[in-house]
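Written below as structure tokens is the structure these notes are about.
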Amino acid sequence: MITLHGFAASNYYNLVKHVLLHKEIPFQENLVYPSSDELLAVSPVGKVPAITMPDGFDLSESSVICDFIEESYPYTPLYPSDAKERATIRQIMKIAELYFELPSRRLIPFTFSGTPVPKPIAIEVRQVLERGIIALNSLSQFSPWIAGEQFTMADIYVYYVNTIVSSFAVKQLEWDIMAQISGMTEWNKTMRDSDIAKQVDVGRLTNMPEFMQYVQAQIKAVHTK
Ligand SMILES: N[C@@H](CCC(=O)N[C@@H](CS)C(=O)NCC(=O)O)C(=O)O
-16 MITLHGFAAS NYYNLVKHVL LHKEIPFQEN LVYPSSDELL AVSPVGKVPA ITMPDGFDLS
44 ESSVICDFIE ESYPYTPLYP SDAKERATIR QIMKIAELYF ELPSRRLIPF TFSGTPVPKP
104 IAIEVRQVLE RGIIALNSLS QFSPWIAGEQ FTMADIYVYY VNTIVSSFAV KQLEWDIMAQ
164 ISGMTEWNKT MRDSDIAKQV DVGRLTNMPE FMQYVQAQIK AVHTK
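The following block contains the structure:
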């Protein structure tokens, strides 16, 4: 059976979990936090998530894991068969990662420490998000899925990216980023209402108190250094 390593408060962990559930691939969860020796043994940069295959093969990096799962379990396909259409799916995922997820993540430390975001960082983050908005407006179709008629990996990936955008960028910048992309708010709601997303969210909520304790311990460790 596949082992999914990480913690359920992580959106990266949850997007891989969503893919496994969508494809009905049996897996077990191994609760582990970043930079522990246990995680480093399966994830070279000590980040969540990682998977271990039944034959012992370890893999990290969420989008790489997604592609590997798709190639290893091609049924219930999450990519179109046409190469150009497949590339567009990956383009949407990459843009969401670089121009939505990563700038939003820069605001996480300020949220967790309760300190205001310095203006230059807020300006820079906003500029990167603006590029993401233009690109996702241009590439997204929401008819009904993000890239058209077929439900794809991009639907799962962008949905979990958006959980970070909503939790950090939307709140810290007081800016309704989803509303800037035509059709995204409604699509996001459809994704959130799916049985699998609800199941994944139960895991997130269950892990959250323990994860917050982990975060507080990390902050304390930095201050006592
Ligand atoms: N590029 C990685 C990013 C994974 C990532 O940043 N995971 C977070 C948890 S949501 C983590 O492990 N952070 C710990 C750290 O940065 O040390 C991926 O796509 O899997």
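Residue numbers for the sequence shown follow the working numbering, beginning at -16 and rising by one.
Heads up, the beta-carbon is just placed ideally off N, CA and C, and yes, glycines get one too.
Our two residues, P32 and S87, have alpha carbons roughly 19 angstroms apart in a direct line.
Annotation: I52 to V141 spans about 17 angstroms, alpha carbon to alpha carbon.
Scanning F10, I34, G29 and R69 for the CA closest to the CA of F134 turns up R69. The DSSP-derived three-state label of W128 is strand. Not one heavy atom of ligand 1 falls within 8 angstroms of the beta-carbon of N13. If you compare the alpha carbons of V183, P37 and V153 with that of T94, the shortest gap goes to V153.
For D41, the beta-bridge partners assigned by DSSP are T35. With a cut-off of 8 angstroms, the C-beta of E7 is classified as distant from ligand 1, since no heavy atom of the ligand falls inside that distance. Residues of the same chain with a CB within less than 7 angstroms of the CB of D138, apart from the 5 flanking positions on each side, are W128, I129 and M174 in chain order. Checking the DSSP bridge columns, you'll see G29 has no partner listed.
For I116, the secondary structure class from DSSP, reduced to helix, strand or coil, is helix.
Annotation: L61 is outside any beta strand (DSSP E) and is labelled neither H nor E by DSSP. Annotation for E193: the continuous alpha helix (DSSP H) segment containing it runs D178 to H206. Taking 8 angstroms as the cut-off, the C-beta of Y(-4) counts as close to a heavy atom of ligand 1. Under a 10 Å Cβ-count criterion, H(-12) is classified as buried, with 16 or more other Cβ atoms of the shown protein chains found around its own Cβ. Of the heavy atoms belonging to ligand 1, at least one sits nearer than 8 angstroms to the Cβ of V31.
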